[in-house]
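Sequential numbering from 11 applies to the sequence shown in our numbering. Positions of the beta carbon are idealized from the N, C-alpha and C atoms, including for glycine.
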Amino acid sequence: MSRVLLGTVFLTGIGLDPAQPVHHAGIAYSLLLGYLLLASFCLAVTWSDWRLETRLALPALIVDLALFTALAFLTQGYANPYFPFFAFIILSAALRWGWRETAATAAVLITLFVSASLAGVLWEAAELDPRRFFYRTTFLLVLSFVLVWFGLNQLRPKMPRLDQGQPADPSRAADPPIRAAADFVAANTSAGRVVIAWWNYEEPWTNVAVLDETGFAEHRHDPGRFGLLVDRRWARAPFLFDFDRRRLLLREGRSRRVEVLDGVIDEDFARAYLSGRGIVVPVESGGYGGIIFAIGMPGLCSDDVAKGESLGEEVSAAFERAGAMALLADAASTRTRLSFSRDLHDSVLQLLAGTSYRLEGVKKSARAGQAIEAEIDALQDDLVAEQREMRMLIGQLRGCPPGAATDLRQSLKELAARMSRQWDVNCSVDHCSSEIETPVPVERECRQLVREAVANAVRHGRASSVAIEVEAVADTIRLVLTDNGSGFPGDGHFAMDRHGKVPWSLSERVRALGGHMSLASGNTGSQITISLPLGRAA
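See the structure below:
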């Protein structure tokens with residue numbers, strides 16, 4: 011198309027400039043007219059035939075060089091008005107081949123320009139203008155260097171980011187975004203039909219998605235239904251294919267190569283899903299592999315191979331993002347399960363254990379003929395309180411807003427009173443003269459820690475007294491729980507990560523909250539010190 015436009019402009023320009031051409035005007039007009047007709051013919055026959063376009067690349071360059079040389083001779087070279095043609099030839103070489111071919115083309119062009127210009131001057135015995143000749147030659151050298159640099163640093167077509175969106179089926183959230191990828195390929199190639207074959211490396215099936223004028227459909231094929239969809243020799247880079255002519259075109263570096271298509275694409279797969287001409291784009295990610303077939307692209311040419319490389323990179327990146335998001339979702343689900351198991355252990359399980367402990371006391375009181383109504387009422391009140399806490403836990407799991415800040419000191423005092431009744435222990439909150447305002451999630455985590463620590467002290471340490479201290483220092487909540495039980499195995503002070511027999515539920519919860527826990531144990535009991543950062547606990 012550029013040749014047609016240049017030929018039209020040059021033919022018009024030479025007619026408007028009475029001073030050009032200097033020699034043999036009829037020949038110059040004939041050359042330009044013939045070039046315009048030849049360029050129009052080549053455009054027509056190669057518009058939808060990338061194979062012919064590739065084969066005609068070198069002959070077209072030779073014709074361009076010949077025309078440039080003739081025009082340089084016929085129009086007094088150093089005054090040549092057709093220097094944009096020089097830039098077109100170099101740029102065409104840079105786009106089609108590599109920097110070496112571009113540099114060679116520039117060297118040939120400059121040599122032909124100098125030779126034709128000097129020959130034109132000698133032919134007419136005209137006087138050479140050294141200044142203008144030097145400027146034009148220098149200009150061609152500089153332009154050549156710039157365009158060779160362009161050939162070295164040419165970037166592939168930039169693709170927009172593939173918007174994965176939300177999966178239509180939540181149960182398939184871990185799968186790559188196939189529908190989004192098909193829409194993306196169709197939008198950026200104008201292909202009439204997009205076929206994406208993909209597979210999970212841990213599963214034996216081949217999945218095929220098809221997007222065409224009838225809509226979007228997905229199919230799953232059993233192992234053995236197809237062979238290798240694309241031969242391994244060709245499956246690493248995009249290439250064009252033409253089933254009618256049984257040819258393919260691939261790019262090696264900056265050069266193009268035409269090969270026979272036979273045996274490259276699986277015949278059974280081709281009969282089921284492919285036809286005509288298109289482009290093959292391999293897709294690769296950590297957990298998935300795939301191949302994109304874009305069929306029916308208008309004006310398919312060798313330049314589309316570079317577009318295929320950009321498409322493959324973006325779709326591969328989308329597959330990687332989908333895999334990473336699935337891993338993050340699995341990790342979040344695991345954290346939620348662990349957190350939920352800790353909450354059940356520190357609330358429901360301890361409640362059941364405490365209730366059993368209290369019911370045993372009620373039975374003893376009943377056998378002794380003592381009044382038990384007050385104890386049953388207190389037990390019922392504690393069960394109602396626990397029911398409220400379970401509702402809060404369920405609401406948090408459902409994503410309900412946690413509510414405003416609360417007074418941690420008062421909350422722990424209420425909990426201590428309940429623990430005293432539940433475990434028949436003297437549980438109290440000491441040294442809390444002022445309110446400690448904390449977010450509700452922080453308050454709930456502190457309550458769970460206190461609940462577990464008190465239960466452990468009574469059940470495993472036979473403690474009869476547990477003192478709780480709480481204070482807020484900067485952005486840290488500090489809890490100290492001291493009991494008069496039998497303590498932990500081994501006397502002394504130690505951190506939770508240096509002692510193998512610390513309470514696992516406590517240590518897991520503190521570690522998950524980004525906190526620190528230290529223990530002290532002796533003959534008179536034990537002391538647990540917990541520090542929690544407010545930001546992580548919230």
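Find the nearest neighbour of residue i within the set the options, judged by alpha-carbon distance.
{"i": "F279", "options": "G297, I301, R261 and L258", "result": "I301"}
{"i": "T539", "options": "L516, A522 and I305", "result": "L516"}
{"i": "R347", "options": "A97, G535, E518 and S102", "result": "E518"}
{"i": "A227", "options": "D193, R401 and V124", "result": "D193"}
{"i": "V270", "options": "L47, A388, F253 and V490", "result": "F253"}
{"i": "I289", "options": "R261, F249, E277 and R256", "result": "F249"}
{"i": "A388", "options": "Q458, D417, E399 and D434", "result": "D434"}
{"i": "V490", "options": "R469, L422, R246 and A328", "result": "L422"}
{"i": "F498", "options": "L523, A530 and W514", "result": "A530"}
{"i": "P420", "options": "F51, I478 and H470", "result": "The question names Pro, but residue 420 is Gln in the sequence shown. Per the Cα distances, I478."}
{"i": "E330", "options": "S351, A427 and G297", "result": "G297"}
{"i": "V480", "options": "L310, V452 and A97", "result": "V452"}
{"i": "H470", "options": "P513, R431 and E447", "result": "P513"}
{"i": "T72", "options": "L239, G502, L119 and S50", "result": "Here residue 72 turns out to be Ile, not Thr, going by the sequence shown. Residue L119 is the option with its Cα nearest to I72."}
{"i": "M335", "options": "P186, R171 and V372", "result": "P186"}
{"i": "Q432", "options": "S474, I305 and V450", "result": "S474"}
{"i": "D501", "options": "T534, V325 and A49", "result": "T534"}
{"i": "V274", "options": "S295, E294, V293 and R246", "result": "R246"}
{"i": "D241", "options": "A484, D272 and A463", "result": "D272"}
{"i": "A219", "options": "Y211, S496 and H229", "result": "H229"}
{"i": "H526", "options": "S536, F504 and G532", "result": "F504"}
{"i": "A363", "options": "C311, R261, E462 and L122", "result": "E462"}
{"i": "P308", "options": "P292, G286, S326 and E294", "result": "G286"}
{"i": "I386", "options": "R377, R398, S536 and G371", "result": "G371"}
{"i": "D417", "options": "D440, D391, L321 and T448", "result": "T448"}
{"i": "L415", "options": "V450, T365, E399 and E212", "result": "The sequence shown places Ala at residue 415, rather than the Leu named in the question. Comparing Cα-Cα distances from A415 to each of V450, T365, E399 and E212, the minimum goes to V450."}
Run through the DSSP bridge pairs and tell me what residue i is partnered with.
{"i": "P573", "result": "Because the chain in this structure spans residues 11 to 548, residue 573 falls outside the shown range and cannot be described."}
{"i": "F51", "result": "Partner(s): none; F51 has no beta bridge."}
{"i": "E269", "result": "L258"}
{"i": "Y298", "result": "N210"}
{"i": "S531", "result": "G502 and S536"}
{"i": "D232", "result": "D232 pairs with nothing; no bridge assigned."}
{"i": "P292", "result": "I301"}
{"i": "A227", "result": "V220"}
{"i": "R203", "result": "I305"}
{"i": "V490", "result": "E479 and T539"}
{"i": "F251", "result": "L258 and G288"}
{"i": "V73", "result": "V73 pairs with nothing; no bridge assigned."}
{"i": "V372", "result": "None; V372 has no bridge partner."}
{"i": "V240", "result": "I275"}
Within the continuous beta strand (DSSP E) that includes residue i, where are the two ends?
{"i": "Q537", "result": "G535 to P543"}
{"i": "V220", "result": "T216 to D222"}
{"i": "C311", "result": "Segment: none, C311 is in no beta strand (DSSP E) and carries neither H nor E."}
Taking all protein chains shown into account, decide if residue i is buried (16 or more other Cβ within 10 angstroms of its Cβ) or exposed.
{"i": "G87", "result": "Any answer about G87 is weak, because its pLDDT of 49 lies below 50 and its placement is not dependable; what the coordinates show is given next. So G87 ends up on the buried side."}
{"i": "F303", "result": "buried"}
{"i": "K317", "result": "buried"}
{"i": "N217", "result": "buried"}
{"i": "N466", "result": "buried"}
{"i": "L43", "result": "exposed"}
{"i": "L284", "result": "buried"}
{"i": "I562", "result": "Any answer about residue 562 is impossible in this case: the structure gives the chain only from 11 up to 548."}
{"i": "G299", "result": "buried"}
{"i": "Q380", "result": "exposed"}
{"i": "T112", "result": "buried"}
{"i": "D74", "result": "buried"}
{"i": "E396", "result": "buried"}
{"i": "P2", "result": "Residue 2 lies beyond the range of the chain shown here (11 to 548); nothing can be said about it."}
{"i": "E424", "result": "exposed"}
{"i": "D276", "result": "buried"}
{"i": "I305", "result": "buried"}
{"i": "G237", "result": "exposed"}
{"i": "L459", "result": "buried"}
{"i": "S200", "result": "exposed"}
{"i": "A328", "result": "buried"}
{"i": "A135", "result": "Here the model assigns A135 a pLDDT of 49, short of 50, so the residue's position is not dependable, and the following value carries that caveat. Its Cβ having fewer than 16 others within 10 Å, A135 is exposed."}
State the start and end residues of the unbroken alpha helix (DSSP H) segment that holds residue i.
{"i": "W244", "result": "Per DSSP, W244 belongs to no alpha helix (DSSP H) and is neither H nor E."}
{"i": "D278", "result": "E277 to Y283"}
{"i": "I188", "result": "I188 to T199"}
**Message:** Extract the residue ranges of the alpha helix (DSSP H) inside the region 417 to 488, only unbroken runs of 4 or more that lie entirely within it.
**Reply:** 418 to 433 and 450 to 469
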